[in-house]
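Enquirer:
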Amino acid sequence: MSVAWKIMEEATEVAQATPPTELHAAITNALRGVIDPELGENIVDLGMVRSISLTDGLATIEIALTIAACPMRSKLESETVHAARRVPEVSDVKIIIGAMEKEERSALMARARLLAQDRAVPTDIPISARILGIMSGKGGVGKSSLTANLAAAIAASGATVGLLDADIWGFSIPRMLGFLGELEVQDKKILPMEKSIGEGLLKVVSMGFLSDEDDAIMWRGLVLNRALQHFIEDVKWGALDYLLIDLPPGTGDVQMGLARMLPRTELLIITTPGLGAQKVAGRAADMARKGNLRVAGVIENMSGFTCDHGEFYPLFGEGGGERLADSIGVPLLAKIPIDPTVAAGGDRGEPAVLNPKSPVAPVFTALAHRIITEIAPAIDMQSCSARMLEQIDSALNAS
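Below, the structure written as structure tokens:
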């Protein structure tokens, strides 16, 4: 090989390995959709992306974790691959994982603290609690009944579960879970209503405890956001393993307020099987990523009805859950069938998951088990990010 040819070949390799500014920016932008679930921020703004290069459609991305054995490693890897693949010029992705040096960890903590100060509000929610927002793009998909049953199922496993009914206009959680009464205040803090479920405990805060069930709530966006902020800042939750938030349908003021005030929230997107509902739910997922909230998974509700003689009828179409999960690169966590015990149990304040005769009880129980063990396990306070998160939260609450 001549010297001239070798120089030309090397120059070509360098050119191919260095993406144009626009392409590099596109990949970087895509990676802002990858959220560290413990710190509640994207890996780009946290400084975890060390380098990006592109050669013949192969994007090589180097990520620095706080420690090499970070338990979030595989989840961050898979979400990074999916995010990068959304750039049309990227045909394949290679991830290189490294561990941060002491100086890098200090810089990450400083960035996380600044970002948290810009967005979060001081709360009584323990750092060890996983926060799961239950979100849908549209109404009528059974989001609240699913949230009520999921909260009861997680509590029945022995956990302490908080449930914040953030559907201010359309509150229904108190009736579905059989809660009656009014919220009490102690030392200027709202005390949640409590109920034991098996060996666990369920704590609920809802507008339904402050307003008559038949009264319309006619509030505009700023007032809604202020009500949500009260429920986040001024509730004395005490010990919690999980906090579930039943969000109103859509992508409006309450959802954007949540992204600002509780940036470590992870979202479960609810859809029904039809294409129309799937597309609307996809917009909810897009809003989540633009708000730097991690989407943890998709749940397909009302997946079909099985009649008494065993025939299955997909009343609302088929495949919406799988299509949505594939399109946003997250797992499909469950397909909840249609069953009359869900509606009947909600009317009586007796969740179907606690009814041993309900055909859907095992489905809700399996969903809760998957969330507890795989999707959002309890935070190990000795983990790679949790100790830093604790220090950040302490600083925020002291300020």
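Note that the numbering used here has the sequence shown beginning at 49, numbered continuously upward. Every residue, glycine too, gets a C-beta built ideally from N, C-alpha and C.
Which class does Gly146 belong to by DSSP, given the choice of helix, strand or coil?
Expert: Sequence index remark: in the sequence shown, residue 146 carries index 98 (1-based). Gly146: strand per DSSP, three-state reduction.
Enquirer: Measure the alpha-carbon distance for Pro67 versus Val129 and round it to whole angstroms.
Expert: Reading the sequence shown from its first residue, position 19 is the one you call residue 67. Reading the sequence shown from its first residue, position 81 is the one you call residue 129. Only weak support exists for where Pro67 lies, its pLDDT of 45 falling under 50; the value from the coordinates is given anyway. Approximately 17 angstroms, taken between the alpha carbons.
Enquirer: Just checking, does the region 183–201 make contact with the region 218–225 on the three C-beta pairs under 8 angstroms criterion?
Expert: Cβ pair count under 8 angstroms is three or more, so yes.
Enquirer: Please list the terminal residues of the continuous beta strand (DSSP E) segment that includes Arg98.
Expert: Position 50 of the sequence shown, counted from the start, is the residue given in the question as residue 98. Run containing Arg98: Val97 to Thr103, per the beta strand (DSSP E) assignment.
Enquirer: So which of Lys383, Gly339, Leu71 and Met350 has the shortest CA-CA distance to Ile83?
Expert: The count along the sequence shown starts at 1 and reaches residue 83 at position 35. Cα-wise, what sits closest to Ile83 is Gly339.
Enquirer: Roughly how many angstroms separate the alpha carbons of Met96 and Ala107, rounded to a whole number?
Expert: As a working note, residue 96 is residue 48 in the sequence shown. As a working note, residue 107 is residue 59 in the sequence shown. Straight-line Cα distance between these residues: approximately 16 angstroms.
Enquirer: Touch check for the region 342–352 and the region 310–318: three-plus C-beta pairs under 8 angstroms?
Expert: Yes: at least three Cβ pairs fall under 8 angstroms.
Enquirer: Looking at Asp109: is its Cβ nearer than 8 angstroms to the Cβ of Val135?
Expert: By one-based count along the sequence shown, residue 109 stands at place 61. By one-based count along the sequence shown, residue 135 stands at place 87. With the sequence shown as reference, residue 109 is identified as Ile, and Asp is not the correct amino acid for it. No. Outside cutoff.
Enquirer: Out of Ala336, Glu242 and Ala214, which has the shortest C-alpha to C-alpha gap to Ser254?
Expert: As a working note, residue 254 is residue 206 in the sequence shown. Ser254 has its Cα closest to that of Ala214, out of Ala336, Glu242 and Ala214.
Enquirer: Going by CA-CA distance only, name the one from Lys243, Pro170 and Ala409 that's closest to Lys237.
Expert: The residue you call residue 237 lines up with position 189 of the sequence shown. Among Lys243, Pro170 and Ala409, the Cα nearest to that of Lys237 is on Pro170.
Enquirer: Would you call the region 174–185 and the region 288–305 touching, i.e. three or more CB-CB distances under 8 angstroms?
Expert: Flag = yes, the region 174–185 and the region 288–305 touch.
Enquirer: Locate the alpha helix (DSSP H) running through Glu70, then write down its first and last residues.
Expert: Position 22 of the sequence shown, counted from the start, is the residue given in the question as residue 70. Segment Thr69 to Leu79, the alpha helix (DSSP H) holding Glu70.
Enquirer: Using a Cβ-Cβ cut-off of 7 angstroms (strictly less than) and excluding sequence neighbours within five positions of Val283, which residues of its own chain qualify?
Expert: As a first step, residue 283 is located in the sequence shown; it is residue number 235 there, counting from the start. Excluding residues within five positions, the ones whose Cβ falls inside 7 angstroms are Asp172, Lys237, Ile238, Pro240 and Val253.
Enquirer: Return the CA-CA distance between Ile420 and Phe360, expressed in angstroms with no decimal places.
Expert: On the sequence shown, residue 420 is found 372 positions in, with the first residue counted as 1. On the sequence shown, residue 360 is found 312 positions in, with the first residue counted as 1. Going by the C-alpha atoms only, they are around 30 angstroms apart.
Enquirer: Alpha carbon to alpha carbon, how far is Ile423 from Thr103?
Expert: Within the sequence shown, the letter at position 375 stands for residue 423. Within the sequence shown, the letter at position 55 stands for residue 103. Approximately 33 angstroms, taken between the alpha carbons.
Enquirer: Let's test the definition: count the other Cβ atoms within 10 Å of the Cβ of Pro311 and tell me whether it reaches 16, buried, or not, exposed.
Expert: The residue you call residue 311 lines up with position 263 of the sequence shown. Label assigned to Pro311: buried.
Enquirer: What is the DSSP secondary structure of Lys243, counted as helix, strand or coil?
Expert: Within the sequence shown, numbered from 1, the residue matching residue 243 stands at position 195. It is a strand residue.
Enquirer: Please go through the same chain and pick out, in chain order, the residues whose beta-carbon is closer than 7 angstroms to the beta-carbon of Gln64, but skip the five residues on each side of it.
Expert: The sequence position of residue 64 within the sequence shown is 16, counting from 1. Its pLDDT being 44, under 50, Gln64 is placed unreliably by the model, and the measurement read from it follows with that caveat. Closer than 7 angstroms at Cβ, skipping near neighbours: Thr103 and Asp104.
Enquirer: Going by the CB atoms, is the gap between Gly365 and Gly322 shorter than 8 angstroms?
Expert: Against the sequence shown, residue 322 aligns to sequence position 274. Against the sequence shown, residue 365 aligns to sequence position 317. Yes, these two residues count as a Cβ contact at 8 angstroms.
Enquirer: Go ahead and label Glu58 buried or exposed: buried means 16 or more other beta carbons lie within 10 angstroms of its beta carbon, across all protein chains shown.
Expert: On the sequence shown, position 10 is the one that residue 58 refers to. Summary for Glu58: the model assigns pLDDT 44, below 50, so the residue's position carries little reliability; its value from the coordinates is reported in the next sentence. Burial call: exposed.
Enquirer: Within the same chain, show all residues whose beta-carbon is closer than 7 angstroms to that of Gly352, passing over the 5 residues directly before and after it, in chain order.
Expert: To locate residue 352, count along the sequence shown from 1; it is residue 304. Hits under 7 angstroms: Phe360, Tyr361, Pro362, Leu363, Pro385 and Ile386.
Enquirer: Can you tell me where the alpha helix (DSSP H) with Asp334 in it begins and where it stops?
Expert: Here residue 334 refers to the residue found at position 286 when the sequence shown is read from its first residue. That run of the alpha helix (DSSP H) goes Leu323 to Lys338.
Enquirer: Let me check understanding here. Comparing Cα to Cα, which of Pro388, Glu281 and Ala426 lies closest to Lys405?
Expert: By one-based count along the sequence shown, residue 405 stands at place 357. Nearest of Pro388, Glu281 and Ala426 to Lys405, Cα basis: Pro388.
Enquirer: On a Cα-Cα basis, can you pick out the residue from Arg153, Leu113, Ile202 and Glu127 that is closest to His417?
Expert: Position 369 of the sequence shown, counted from the first residue, corresponds to residue 417. Answer by Cα proximity: Ile202.
Enquirer: For the putative contact between Lys186 and Ala336, defined by C-beta atoms under 8 angstroms, what is the C-beta separation to the nearest angstrom?
Expert: Along the sequence shown, read from residue 1 onward, the residue named residue 186 stands at position 138. Along the sequence shown, read from residue 1 onward, the residue named residue 336 stands at position 288. That pair is no contact at about 15 angstroms.
Enquirer: Between the Cα of Met350 and those of Val408, Ser99 and Ala117, spot the shortest distance and give me the residue it belongs to.
Expert: For the purposes of this step, residue 350 is taken as residue 302 along the sequence shown, with counting starting at 1. Answer by Cα proximity: Val408.
Enquirer: Exposed or buried, Val295, counting other C-beta atoms within 10 Å across all chains shown (16 or more means buried)?
Expert: For the purposes of this step, residue 295 is taken as the residue at position 247 of the sequence shown. Val is not the amino acid found at residue 295; the sequence shown has Leu there. Per the 10 Å Cβ criterion, buried.
Enquirer: Taking C-alpha atoms, which residue in Arg159, Glu348, Asp356 and Pro425 lies nearest to Gly188?
Expert: Stepping through the sequence shown from its first residue, residue 188 is reached at position 140. Among Arg159, Glu348, Asp356 and Pro425, the Cα nearest to that of Gly188 is on Glu348.
Enquirer: Assuming contact is defined by CB atoms lying nearer than 8 angstroms, are Ser220 and Ala332 in contact in what I supplied?
Expert: Sequence index remark: in the sequence shown, residue 220 carries index 172 (1-based). Sequence index remark: in the sequence shown, residue 332 carries index 284 (1-based). Going by C-beta atoms, Ser220 is not nearer than 8 angstroms to Ala332.
Enquirer: Exposed or buried, what is Val62 when buried is set at 16 or more other beta-carbons lying within 10 Å of its beta-carbon?
Expert: The sequence position of residue 62 within the sequence shown is 14, counting from 1. With a pLDDT of only 38 at Val62, under the threshold of 50, the placement of this residue in the model should not be trusted; the figure read from the coordinates follows. By the neighbour-count rule (16 or more Cβ atoms within 10 Å), Val62 is not buried but exposed.
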